[in-house]
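Residue numbers (my numbering): 286 to 438.
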Ligand SMILES: Cc1cc2nc3c(=O)[nH]c(=O)nc-3n(C[C@H](O)[C@H](O)[C@H](O)COP(=O)(O)O)c2cc1C
């Protein structure tokens, strides 16, 4: 969009004319092995427009916080699965480790996450939250996104 950026939740992105924008950056998180269905479907519907314009995608998950072969495979698999499902090949893509927000989860989610985290040697003390995000990497990605319309990347 000429001028300021426009931040939208996918639920309110239905009527957007992407051609009015200089670049589009989409983000989604992984829950139980998949990105949010509504967002994947929106990207699939917009794929031909997105493929023809400066665009970027970032994925947030917790396997990205792990330095094991299994986790690296899972992390790259999430991106590959996203691109296969949507038919969109973003010019820029990134995966960031997210957060464990035990204090935000309901009882069942907290239990599920504690079990999963125990299995992966991550913190299980649910009295606090944990942020695994590499914010310097996010900053770098954001700068690359800003440069997208100029074709610098
Ligand atoms: C119910 C639930 C399921 C999750 N499943 C996965 C998973 O399968 N793989 C993974 O790498 N991360 C998983 N995560 C971690 C999230 O991707 C991470 O916490 C992210 O920061 C969540 O962002 P959000 O709260 O904005 O959705 C899960 C998190 C929750 C709460």
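For each residue, glycine too, the CB sits at the ideal point set by N, CA and C.
> Using DSSP with H/G/I as helix, E/B as strand and the rest coil, what is residue 438?
Replying inline: Your numbering for residue 438 matches position 153 in the chain shown. The predicted model places residue 438 with a pLDDT of 48, which falls under 50 and marks its position as unreliable, so this point remains unresolved.
>> With H, G and I counted as helix, E and B as strand and the rest as coil, what does DSSP make of residue 296?
In response: The sequence position of residue 296 within the chain shown is 11, counting from 1. Helix at residue 296.
>> Does the contact criterion of 3 or more C-beta pairs under 8 Å hold for the region 333 to 343 versus the region 393 to 411?
In response: With a cut-off of 8 Å on Cβ pairs, the region 333 to 343 is not in contact with the region 393 to 411, counting fewer than three such pairs.
> Tell me, which residues are paired with residue 416 by DSSP?
Replying inline: Counting from one through the chain shown, the residue named residue 416 turns up at place 131. According to DSSP, which records beta bridges pairwise, residue 416 is partnered with 384.
> If you pair each beta-carbon of the region 291 to 304 with each one of the region 312 to 329, do three or more pairs fall below 8 Å?
Replying inline: Verdict: yes, contact present.
> For the alpha helix (DSSP H) that residue 362 lies in, which residues bound it at each end?
Replying inline: Your numbering for residue 362 matches position 77 in the chain shown. Residue range 354 to 371 is occupied by the alpha helix (DSSP H) that includes residue 362.
> Quick one: is the Cβ of residue 297 within less than 8 Å of any heavy atom of ligand 1?
Replying inline: Numbered from 1 along the chain shown, position 12 holds the residue referred to as residue 297. Checking every heavy atom of ligand 1 against the Cβ of residue 297, none is found closer than 8 Å.
> Quick one: does the C-beta of residue 323 sit closer than 8 Å to a heavy atom of ligand 1?
Replying inline: Residue 323 sits at position 38 when you count from the first residue of the chain shown. Checking every heavy atom of ligand 1 against the Cβ of residue 323, none is found closer than 8 Å.
> What did DSSP end up calling residue 449 once you bin it into helix, strand or coil?
Replying inline: Residue 449 lies beyond the range of the chain shown here (286 to 438); nothing can be said about it.
>> I want to know whether the region 410 to 418 touches the region 376 to 387 - three or more CB-CB distances under 8 Å.
In response: Short answer: they touch.
> Given residue 433, which residues of its chain have a CB within under 6 Å of its CB, disregarding the five upstream and five downstream residues?
Replying inline: Translated into positions along the chain shown, residue 433 becomes position 148. Excluding positions up to five away in sequence, the list reads 308 and 339.
> Using 8 Å as the threshold, is the region 364 to 372 in touch with the region 403 to 413, meaning 3 or more CB pairs across them?
Replying inline: These segments do not touch.
>> For residue 341 and residue 317, what's the separation of their Cα atoms in angstroms?
In response: The residue labelled residue 341 in the question sits at position 56 within the chain shown. The residue labelled residue 317 in the question sits at position 32 within the chain shown. Straight-line measurement puts the Cα of residue 317 at about 23 Å from the Cα of residue 341.
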